[in-house]
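First comes the structure, then the notes that go with it.
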């Protein structure tokens, strides 16, 4: 079994310890400007530029910034009580609002929203359209065989009129549905 | 066989709850039988208790739907649930339709629209703990939560909503409380 590292709070402590060690490693370099253990105590007035102080300001600024930012991450101070939680969760703006745009469809009598098509009627039309499309597929036989003329759907006992002269005729073996008006 | 059972193993005669799972309290509420009403009493409205157990949905999220439904007539409740986008809405709609069916068939309710929802509650079901894998080899423990849904339908139109308490009413109540104070442990 692989021992998985434990979740976040211990990771934070681990990271803090790592950074602490890094900082202690850097400290001799950080304090190099004041007490260099190896560098000579220069009596000369020229500024003692060790190679490290050039890097030190940037590093000494970066490490505390990262360490501080880890310490100053937003974290909850106290546990939120169930009373406070309830006030937030049951606030009226979070409750589901009652919909007032529900009507009755005049065609089928099911419920529908005012700005949306009736679901039942839509399914009815969709089913019929699917059957018409199956008929079309049977007639065409394959892809890319669509003729460049209009299509007319005729049901049981209907004859093509003068207007349907040059059009492709699709036969459906059932009575014309009431909602499919013939032109 | 019953002789041997009675003499040797007295405890083996206890019913075990293997058949049909143990009935919960809510299911047993439908079995209450009241004594026949006297001629002068007002008619007791029919009450139908129904519930569904172990729905794969969160308890907290189901509560919002249960709160929406509370106190509505059954038709209005079904309309609201039909056009709600929540997963629990579909489940609650099925439960309500089942309960309506039960009411008409078994509980002598005359009109299926003459019902309103007196109590609608969501309860916590059995949770299962699973591991949710994060990046960097970290893991969290996730709860697969289930809930129960309970509903009580009562015959009759829904009760009118209470008017919200005004400041004047609250002040009157306060004054009433002050006036009804008495001295304790005195003559």
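Chains as they are written, first to last, in my numbering: chain A, 61 to 243; chain B, 3 to 189.
Cβ coordinates follow ideal geometry from the N, Cα and C atoms, glycine included.
query	result
Inter-residue spacing [alpha-carbon to alpha-carbon] between residue 44 (chain B) and residue 124 (chain B)	32 angstroms
Under 8 angstroms between C-beta atoms of residue 200 (chain A) and residue 206 (chain A)	yes
Assigned exposure category for residue 148 (chain B) - 16 Cβ within 10 Å defines buried	buried
Completely contained alpha helix (DSSP H) runs for the region 164-228 of chain A, where each covers 4 or more residues	179-200
Residues near residue 75 (chain A) by beta carbon distance below 6 angstroms, same chain, minus five either side	none
Integer Cβ distance of residue 122 (chain B) from residue 68 (chain B), believed to fall under 8 angstroms	5 angstroms
8 angstroms Cβ cut-off: residues of chain B touching residue 155 (chain A)	66, 69, 70
Proximal residues to residue 234 (chain A) (C-beta, below 8 angstroms), its chain only, five neighbours per side dropped	215, 216
Proximal residues of chain E, C-beta to C-beta of residue 115 (chain B) below 8 angstroms	Considering every chain present, this structure includes no chain E. Its protein chains are A and B.
Simplified DSSP assignment, three categories, for residue 145 (chain B)	strand
Residue 122 (chain B) beta carbon near the ligand NAD (any heavy atom closer than 7 angstroms)	The model on display carries no ligand, and the ligand NAD is accordingly not part of it.
Segment contact, 8 angstroms Cβ cut-off, at least three pairs: the region 141-160 of chain A with the region 55-74 of chain B	yes
Chain B contact residues for residue 159 (chain A), given Cβ-Cβ distances below 7 angstroms	82, 85
Chain-ordered chain B contacts of residue 76 (chain A) [CB-CB under 8 angstroms]	Near residue 76 (chain A) there are no residues of chain B at all, since even the closest Cβ is about 17 angstroms away, more than 8 angstroms.
Residue environment, residue 157 (chain B), which counts as buried when at least 16 other CB atoms sit within 10 Å	buried
Listed by chain order, chain B residues near residue 171 (chain A) by CB distance under 7 angstroms	81, 84
8 angstroms Cβ cut-off: residues of chain B touching residue 130 (chain A)	The contacting residues do not exist; residue 130 (chain A) stays about 16 angstroms from chain B at best.
Burial state of residue 180 (chain B) (16 or more Cβ within 10 Å)	exposed
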